[in-house]
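Residue 421, in the numbering used here, is where the sequence shown stops; the numbers in between run on with no holes.
For glycine and all other residues, C-beta sits at the position ideal for the given N, C-alpha and C.
Quick caveat, the model's predicted, so the values are computed rather than measured.
Step one of this worksheet: look at the structure below.
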Amino acid sequence: MSAEPSVSPSRVGVWLIGARGSVATTAVAGCAAVTAGLHPPTGMVTETGAFREAGLPPLSSLVFGGHDVVDCPLPKRAESLAAGGVLPHDLPSAVSAELAAADREIRIGGPLPGDTRTEDELIESLAHDIRDFVRRSGLDRAVVVNVASTEPVPEGAALPASSLYAAAALRAGCPYVNFTPSMGLHHPLLAPAAAASGLPYAGRDGKTGQTLLRSVLGPMFAQRALAVRAWSGTNLLGGGDGAALADPAAAAAKNAGKERVLADTLGTVPQGETHIDDVPSLGDWKTAWDHIAFDGFLGTRMVLQTTWQGCDSSLAAPLILDLARLMARAHEAGLTGPVAELGFYFKDPVGEGPAALGEQFADLVGFAARLRELAQPPGPATPRTAHGDPQGTTPEDTTPEDTASEGPDPEGITGERR
């Protein structure tokens, strides 16, 4: 049962970048299934007791839309996922109306091949789609979540697609979440706009499998004073992620987060590498192996091996719903800037925070407690940073459209490179 908000329910948009992909489709179908009572909210941390009375929007209030450059309708995509065992076989037909409604709100993204629009024109076009979605749907606010395929690390001065979408979220006045290792708001050219936007943001690179396990095992070795000599890993995966990560540059961007977790939890960088192999026949399923060589008392050499076999979309989708609800509530409560307390969800979290999963979970539970304290009827409020520092006064019920008109000059994002 969805956690009940302690403030008046509102309609909240979830604008997905990569809206016709496996993760997005699973999130939309899963939200509809849980709302209808067809399935329990397994994997949704926000549905646990710690988040009761935190003022989170109920699942039934979420309205989905997004951008994508492919044209496969969501109902058809859901049928494909059901055929592959990702969704229950009868779910696409049971939630067909919800899938069709979300599909009607998906707009063509960009840049497309041969696109001659400037960066500023692209950002404005993407932001217009988001503002229009908020207006037509009668939403109180919308959260933009990037679940698109991983990009290579950008070269040169041009903004990559993920950063164009991130800039559009700021311009539309929406909180932003980067669930991918792509650049997004991390691009240095967007730092001033992000800081001036008065919006909360979080990311990057969702932690769903191998790195989730590493964020538990790394602290274990450190806390038991066991010397890790080498940590090597292999990922076998198919689907869209496998195809995207077949590009060595995209794989390097993905592996950077995996290696960072080890460095942060162990306090050193062990020998070994992580390899990613595209195996199309695996579809949406992934197998991850880790081989950990470590020294015990008197230099005794030992090995721990782990195998993680999971479905990426099923692991990621409940986290997308968690993050959309948490960021919507943070925005409603007037929080601004990087939300470091959501590091529990990411390989490379924004802001300052711990790397060990247990400590990250404690921060997340503490964040839920803060949201409970901040729950109050709508009215004038003092925007705060994610750590609670006052930032001035704006109306709490400002819509994304209003924020866009009052926020930083849109020309300040990319206007100098038109």
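(1) Taking C-alpha atoms, which residue in D366, P321 and L345 lies nearest to E50?
(2) The alpha helix (DSSP H) spanning K79 covers which residue range?
(3) Determine the burial state of E262: buried for a count of at least 16 other Cβ atoms within 10 Å of its Cβ, exposed for fewer.
(4) List the residues that DSSP assigns as beta-bridge partners of R144.
(5) Using only the alpha-carbon positions, how far apart do T121 and A130 sit?
(6) Below 8 Å CB to CB, which residues in the same chain sit around A259 once its five sequence neighbours on both sides are set aside?
(7) State yes or no: is the beta carbon of G68 nearer than 8 Å to at least one beta carbon in chain D?
(8) In terms of alpha-carbon separation, which member of L239, D244, G302 and L229 lies closest to T271?
(9) Using a threshold of 8 Å, state whether the C-beta atoms of A164 and P114 are closer than that.
(10) To the nearest angstrom, how far is the alpha carbon of G206 from that of D93?
(11) Taking L307 as the reference, give the member of P251, F224, A365 and A333 with the closest Cα.
(12) Would you tell me roughly how many angstroms separate the C-alpha atoms of A161 and F297, rounded to the nearest one?
(13) Relative to the alpha-carbon of A81, which residue among G275, H70 and D287 has its alpha-carbon at the smallest distance?
(14) Count the other CB atoms within 10 Å of the CB of V353; is the residue buried (16 or more) or exposed (fewer)?
(15) Around the Cβ of P403, are there at least 16 other Cβ atoms within 10 angstroms (buried) or fewer (exposed)?
(16) Since Q423 sits in a beta bridge, which residues does DSSP pair it with?
(17) To test your reading of the DSSP string, which unbroken beta strand (DSSP E) runs of 3 or more residues are found completely within the region 161 to 249?
(18) Can you tell me where the beta strand (DSSP E) holding F364 begins and where it ends?
(19) Which residues share a DSSP beta bridge with F347?
(20) Should the region 144 to 151 be regarded as contacting the region 170 to 179, the criterion being three or more beta carbon pairs within less than 8 Å?
(21) Rounded to a whole number of angstroms, what is the C-alpha to C-alpha distance between V219 and L360?
(22) Check M47 in the structure and name its three-state DSSP category.
(23) Roughly how many whole angstroms lie between the Cα atoms of A407 and A233?
(24) Would you say H334 and P203 are within 8 Å of each other, going by their C-beta atoms?
This is what the structure holds:
(1) P321
(2) L77 to A86
(3) It counts as buried.
(4) The beta-bridge partner set that DSSP reports for R144 consists of V15.
(5) For T121 and A130, the gap between their C-alpha atoms comes out near 14 Å.
(6) For A259, where only same-chain residues beyond five positions count, the Cβ hits under 8 Å are P184 and D351.
(7) This model lacks chain D altogether; it includes just one protein chain.
(8) The shortest Cα separation from T271 among L239, D244, G302 and L229 belongs to L229.
(9) yes
(10) So the two alpha carbons sit approximately 33 Å from each other.
(11) F224
(12) One alpha carbon belongs to A161, the other to F297, and they sit about 44 Å apart.
(13) D287
(14) V353 comes out buried.
(15) Because the pLDDT of P403 is 46, which lies under 50, any placement of that residue in the model is unreliable, and the number read from its coordinates should be weighed accordingly. The residue in question, P403, is buried, as its Cβ has 16 or more Cβ neighbours within 10 Å.
(16) The shown model of the chain, from 4 to 421, leaves out residue 423, and the question about it has no answer.
(17) Runs of the beta strand (DSSP E) inside the region 161 to 249: 179 to 181, 203 to 206 and 230 to 240.
(18) Per DSSP, F364 belongs to no beta strand (DSSP E); it is in the alpha helix (DSSP H), L360 to L377.
(19) Paired residue(s): none; F347 is not in a bridge.
(20) yes
(21) 6 Å
(22) coil
(23) Note that A407 has pLDDT 42, beneath the 50 cutoff, so the model's placement of it is unreliable and no number is given.
(24) Yes, Cβ-Cβ distance for H334 and P203 is below 8 Å.
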